[in-house]
Amino acid sequence: MTAPRHTAAMATRRLKLLSANIQAGSSTRGYHDYVARSWSHVLPAGNKRDNLDAIARLAGQHDIVGLQESDPGSLRSGFTNQTHYLAQRGGFPWWSHQPNRRVGGVASSANGLLSKLEPVEVHDYPLPGRVRGRGVLLARFGEGRGGLAVAVAHLSLGAVSRRAQIGFLAELLQDHPRAVLMGDFNCDPYCTDMQALYRRTRLQPPPRLVPTFPSWRPQRAIDHILVSEELPAPPPAAFPAAHSDHLALAVELEVPEAALQVGEAA
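Okay, so the sequence shown: first residue is 7 according to this note's numbering, each after it adds one.
Okay, structure coming up:
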């Protein structure tokens, strides 16, 4: 009888990941709200703090969270850095954000990262596009080429800019065998433009479509958590992100402990 092998290389850790476009804490419960509540996108709204608290409760059930449309502290958020606020309320000791778009001097938007694991490093990169203001956050956990890389991005609506951004992400992640890319892609994961990402990296298309937009009647799968083939994962599950117009996505990964260790190459 062969004895079971218990080696450090075999040890894994289950991580819960969440990706959420939080619409800066605004409430959108139907298309009519885009008009009726358009003021809330540039001015503070009374229920944004309640919405952020609801998002913090959801986020706090996870280990790593990627945020899109998190206000970094403009007029519409009451000058609250929403990523920092969610980190405090959700129990995340490490957080980072990437302010990227400003709207008329009264509103701003950012990608955000919340983590209960200490990253080795976090970098932010501007994404190419016809209009400036899109970016990607890249956090590395563990050391060496085999460490875990987690990227958070929000891609453009326009197909030309989005194609260039996908090419940039492919180049950024092509040398990371254990990678996660999550965010608002504004496109279907099986569309032609996305194929370059799958060809040039270890990232895999999701096993099935999970519609996330609009949140009150999901019809389009435009928010994704893409995982490399080294990190097999079940299909993501969708949850309300308070009253955002996007549903949040969550997935559980089995990550080798060696990929999270500092001081050892995985």
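Just so it is clear, CB atoms sit at the ideal spot from N, CA and C, and this is done for glycine as well. Bear in mind the structure is a predicted one, so any value in this text is a computation, not a measurement.
*With a 10 Å radius around its C-beta and 16 neighbouring C-beta atoms as the bar for buried, classify Ala26 as buried or exposed.*
The residue is buried, with at least 16 neighbouring Cβ atoms inside 10 Å.
*My understanding is that Gln104 touches Asn117, with C-beta atoms under 8 Å, so please give their C-beta distance in whole angstroms.*
The beta carbons of Gln104 and Asn117 sit about 4 Å from each other, so the pair counts as a contact at 8 Å.
_Just to confirm the assignment, what range does the beta strand (DSSP E) spanning His230 have?_
Asp229 to Ser234 is the extent of the beta strand (DSSP E) around His230.
_Once DSSP output is grouped into helix, strand and coil, what is the label at Val41?_
Since pLDDT at Val41 reaches only 43, below the 50 mark, its modelled position is unreliable, and the value read off the structure follows with that caveat. Residue state, collapsed to three classes: helix.
_Tyr91 (DSSP reduced to helix, strand or coil)_ = Here Tyr91 sits in helix by DSSP.
*Would you kindly work out how many angstroms separate the C-alpha atoms of His160 and Pro134, rounded to a whole number?*
Straight-line Cα distance between these residues: approximately 12 Å.
*Does the region 76-83 come close enough to the region 188-198 to have 3 or more Cβ pairs within less than 8 Å?*
No, the region 76-83 does not touch the region 188-198.
*In chain order, what residues of the same chain lie with their CB nearer than 8 Å to the CB of Thr198, ignoring the 5 residues before and after it?*
The answer is none, since no qualifying residue turns up.
_Mapping the DSSP letters down to three states, classify Thr218 as helix, strand or coil._
It is coil, neither helix nor strand.
*Apply the 10 Å Cβ neighbour rule to Asp251 and answer buried if 16 or more other Cβ atoms are within range, or exposed otherwise.*
Buried: at least 16 other Cβ atoms inside 10 Å.
*Identify, in the order they occur along the chain, each residue of the same chain with its Cβ nearer than 7 Å to the Cβ of Arg208, setting aside the five sequence neighbours on each side.*
If we look at Arg208 and ignore the five residues flanking it on each side, its Cβ neighbours are Pro183, Ala185, Ser234, Glu235 and Glu236.
*What did DSSP end up calling Ala248 once you bin it into helix, strand or coil?*
Reduced to three states, the DSSP call for Ala248 is coil.
*Nearest-angstrom Cα distance between Ile228 and Pro212?*
Their backbone Cα atoms lie some 12 Å apart in a straight line.
*Pair within 9 Å by beta-carbon distance, Met273 and Leu255*: This structure does not reach residue 273, given that the chain is present from 7 up to 272, and the question cannot be answered.
*Going by the CB atoms, is the gap between Leu64 and Gly31 shorter than 9 Å?*
The answer is no: Cβ separation not under 9 Å.
*Would you please state the rounded distance, in angstroms, between the beta carbons of Leu119 and Val158? I believe it to be under 8 Å.*
Rounded to the nearest angstrom, the Cβ distance from Leu119 to Val158 is 6 Å, consistent with a contact under 8 Å.
_Could you give the first and the last residue of the continuous alpha helix (DSSP H) run that contains His64?_
Checking the sequence shown, residue 64 turns out to be Leu, not His. It spans Lys54 to Ala65 - the alpha helix (DSSP H) in which Leu64 sits, taken as one unbroken run.
*Report the rounded CA-to-CA distance for Ser115 versus Arg20, giving the unit in angstroms.*
Looking at the two C-alpha atoms, the distance is approximately 31 Å.
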